[in-house]
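Structure, as structure tokens:
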Amino acid sequence: MSSAVSFETIGGMLDALLEKFSGSSRPIVMWKSDGEYRGMGYREFGDWVGRISAGLASIGIRPGDRVAIISENRPEWVVADMAMVRLGAVNVSLYPSLTPKQVEFILIDAGATCVIVSNRLQLNKILKVRGALPDIRNIVSFVDLGAGEVVSFTDLATRGDVFALANPGYVRAEAGRVTPDHLLTLIYTSGTTGNPKGVMLTHRNLVSNILGSTQCIPFLPDDVLLSFLPLCHSYERMGGYYSAMACGVTIAYAESVDTVRENLLEVKPTVVTTVPRLFERIHHGLMKQARAMPPARKFVFDWAMRIRARIAALPDGARMPFLLKLGRAIADRLVFSKIRARMGGRIRFFVSGGAALSRELGKFFESIGIGIIEGYGMTEASPVITLNRPGTCRFGTVGTPIPGVSVRIAEDGEILAQGPNVMLGYWNDSVATKEAIDEAGWLHTGDIGTFDADGYLVITDRKKHLIVSSGGKNIAPGPIEAAFLRNALIQQVVVIGDGRGYLSALIVPDFDLVRERLGATDGTAAPDRELASSAGVRKMFQDEIDLLQKDSAPFERVRKFTLMNAAFSPEEGEITPTLKIRRSFVEKKYREAIERMYAGMV
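The sequence shown begins at 4 in the working numbering and counts up one residue at a time.
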């Protein structure tokens with residue numbers, strides 16, 4: 004049963020929370036300041052939102068106006084968002100990693116009239132393209148930058164005080180006019196191809212998704228959630244912000260993605276919303292430390308890992324034999340509890356989304372006492388479509404549809420979703436909207452999947468990523484890449500082969516582990532570029548790939564590969580801000596390397 008308050012709009016959610024918790028000493032948000040975390044109570048938060056709402060009204064923001072935010076996660080982001088909600092303005096969320104030209108495209112496409120930035124870096128992006136943004140009437144900064152046309156957040160609040168005195172009841176009246184069908188936000192998909200599209204989401208879309216999700220995710224009012232995924236992304240916006248807040252959860256913001264390890268120890272959260280990449284990094288770091296342990300400690304660790312493997316091998320829902328339960332209790336005291344302590348020691352569960360979590364990784368963490376709730380969705384669905392439930396999680400699947408959402412599989416294997424969470428459409432793009440939502444209201448996700456015998460959804464791949472070989476074989480690269488990524492030596496991989504006679508792959512090695520395998524731990528090892536071209540390293544990878552593929556069908560085997568000397572990155576345009584490979588971009592950028600793998604092919 005959900006612990007969320009009752010509401011029909013996001014503004015109504017805030018009102019209900021302020022009424023329920025205004026007398027509570029629990030903070031609504033926390034952030035690090037002057038070296039330690041501080042919190043803000045509901046009453047103070049509500050007052051801040053009210054002042055900024057009036058401040059936005061004082062500079063001419065009206066219902067329906069699009070106001071952009073380009074900022075890292077911080078409490079001001081949430082305050083600005085709620086202030087827009089009060090006025091019926093539309094939040095246009097931008098990734099802080101975007102380039103000036105990308106920012107320019109979105110601001111023009113959205114018709115934004117105001118942009119809010121977090122710091123000088125983000126302001127400079129706006130100033131570089133200022134001449135192309137005639138509709139931008141106001142620029143607001145969360146910090147005082149001393150720039151002429153830029154209004155600081157502090158000054159905006161002061162203006163709000165003056166406006167509220169001159170126009171008593173104005174903000175409250177505007178808030179009362181917002182209905183469930185009003186547009187709440189434009190979230191631009193990061194896009195693996197072409198320009199991003201603005202997804203139109205209403206209050207009804209998000210509220211239905213919050214209420215459905217919180218019936219599956221057991222948020223409690225005394226939970227503390229550590230937030231580090233970008234708030235501009237629909238997953239963190241809905242899961243790590245709206246849904247958690249609706250249940251009275253305290254949200255603590257990490258300083259950055261790079262400080263998550265330290266912030267876990269400082270905040271000691273009970274819940275974390277994350278992506279599989281975090282679990283991969285934790286697991287990799289743990290195994291790396293284990294290899295360097297003194298013999299006695301490593302003996303105990305290896306024994307505990309064998310106990311863990313036996314637990315993970317149990318069928319879903321099976322009872323644990325007594326001796327294994329006893330071994331687990333000992334392993335937990337000696338090893339597993341210490342691993343959990345590195346994450347703050349209070350984790351009840353992680354919520355994982357954004358990409359597929361391997362069954363092996365999910366079972367690993369479950370078997371050491373760390374629960375993971377994995378789900379599936381997309382921005383166009385607000386975003387949650389399916390979720391696993393605590394106690395009935397089935398790793399390797401993304402769970403079952405949340406309440407209010409229907410899912411079916413089309414004849415070609417595409418996953419279709421329907422419900423009040425499905426977007427209005429794409430901003431200024433009726434053609435793309437008709438392609439995404441059919442006449443019966445089914446959202447075509449672009450993902451390929453199946454239901455297992457118990458109704459759990461299994462994602463196979465992206466529809467547009469299916470490889471059709473020159474021999475006519477349909478090959479899903481996702482499962483092949485997932486199998487490769489389970490090998491510790493492989494950090495990233497892109498499988499190639501559309502229209503070709505066989506599969507090839509671009510592989511980013513874990514160079515630190517490569518050096519360990521080579522015995523080069525004295526700091527004098529060759530640079531990454533030399534390792535990537537080393538015949539010895541290539542043989543190392545060939546041996547691993549041969550072992551990985553020994554049971555694969557011939558047409559699903561990677562025959563040739565290229566070792567990359569640097570990781571794919573958002574800065575280079577090779578992956579999206581949510582860490583999804585831009586396949587067409589990568590294939591175009593590394594065309595020469597790919598063609599070399601097919602040189603001489605008949």
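Cβ coordinates follow ideal geometry from the N, Cα and C atoms, glycine included. None of these values were measured; they are calculated from a predicted model.
Quiz item: DSSP three-state call for V8: helix, strand or coil?
Solution: coil
Quiz item: Roughly how many whole angstroms lie between the Cα atoms of I190 and M203?
Solution: 7 Å
Self-check item: Nearest residue (CA-CA) to K328, options T273, G372, Y173
Solution: G372
Quiz item: Sorted by chain position, which residues of the same chain lie with C-beta nearer than 7 Å to I578's C-beta, five sequence neighbours on each side aside?
Solution: F571, S572, I584, R585
Quiz item: Nearest CA to the CA of A486: which residue from V132, Q552, R343, R313?
Solution: Q552
Quiz prompt | Of the residues A150, H206, P137, the one placed nearest N94, counting alpha carbons only | solution = H206
Quiz item: What separation, rounded to the nearest whole angstrom, lies between the Cα atoms of A413 and G449?
Solution: 11 Å
Self-check item: Close beta carbons around K128, own chain, < 6 Å, minus the five adjacent residues each side
Solution: P103, V106
Quiz item: Which two residues bound the contiguous alpha helix (DSSP H) that contains H34?
Solution: Strictly speaking, residue 34 in this sequence is Trp, with His absent from that position. Where W34 is concerned, there is no enclosing alpha helix (DSSP H), although the beta strand (DSSP E) it sits in stretches over 30–36.
Quiz prompt | Element boundaries [beta strand (DSSP E), containing L97] | solution = 93–97
Practice problem: May I have the straight-line CA-CA distance separating D84 from L17, to the nearest angstrom? | Solution: 11 Å
Quiz prompt | T195 - DSSP class collapsed to helix/strand/coil | solution = Only weak support is given to the placement of T195: the predicted model assigns it a pLDDT of 48, under 50, and the value that follows is read from those uncertain coordinates. T195 falls in the coil class under three-state DSSP.
Practice problem: From the DSSP output, read off the bridge partner residues of P404. | Solution: T389
Quiz item: In three-state DSSP terms, what is V425?
Solution: coil
Quiz item: If you run the structure through DSSP and keep just helix, strand and coil, what is A508?
Solution: strand
Quiz item: With C-beta atoms as the reference, is P199 less than 8 Å away from T192?
Solution: yes
Quiz prompt | Residues bridged to R41 [DSSP beta-bridge criterion] | solution = W34
Quiz item: Any idea if K366 is buried or exposed, counting beta-carbon neighbours within 10 angstroms, 16 or more meaning buried?
Solution: buried
Quiz prompt | Local Cβ density within 10 Å of P30, reported as buried at 16 or more and exposed below that | solution = buried
Quiz item: Where are the alpha helix (DSSP H) runs, 4 residues long or more, that stay fully inside the stretch 507–578, in chain order?
Solution: 514–521, 531–535, 538–551
Quiz item: Who are the near neighbours of P233 in its chain, counting only those whose CB is closer than 7 Å to its CB and skipping five residues on each side?
Solution: N76, Y98, E239, P580
Practice problem: Tell me where the alpha helix (DSSP H) around M600 begins and ends. | Solution: 594–600
Self-check item: Local Cβ density within 10 Å of M290, reported as buried at 16 or more and exposed below that
Solution: exposed
Self-check item: Distance, P224 Cα to G452 Cα
Solution: 35 Å
Exercise. Counting only runs of 4+ residues fully inside the stretch 127–201, write out the alpha helix (DSSP H) ranges in chain order.
Key: 156–169, 173–180
Quiz item: CB P512 to CB I493, shorter than 8 Å?
Solution: yes
Self-check item: Backbone secondary structure at D441 - three-state DSSP
Solution: coil
Quiz item: Residue range of the beta strand (DSSP E) that Y379 falls in?
Solution: 374–380
Quiz item: Alpha carbon to alpha carbon, how far is I55 from F166?
Solution: 11 Å
Practice problem: Below 8 Å CB to CB, which residues in the same chain sit around A60 once its five sequence neighbours on both sides are set aside? | Solution: L90, G163, F166, N170, Y173, V174, E177
Exercise. Identify, in the order they occur along the chain, each residue of the same chain with its Cβ nearer than 7 Å to the Cβ of P404, setting aside the five sequence neighbours on each side.
Key: I388, T389, V410
Quiz item: Given that a residue counts as buried once 16 or more other Cβ atoms are within 10 Å of its Cβ, and exposed if not, what is Q545?
Solution: exposed
Practice problem: Determine the direct distance from the alpha carbon of R345 to that of M308, and round the result to whole angstroms. | Solution: 17 Å
Quiz item: Can you tell me the Cα-Cα spacing of K476 and V496, whole angstroms?
Solution: 21 Å
Quiz item: Can you tell which of I62, P318, I314 has its C-alpha closest to the C-alpha of F325?
Solution: I314
Quiz item: CB G201 to CB D112, shorter than 8 Å?
Solution: yes
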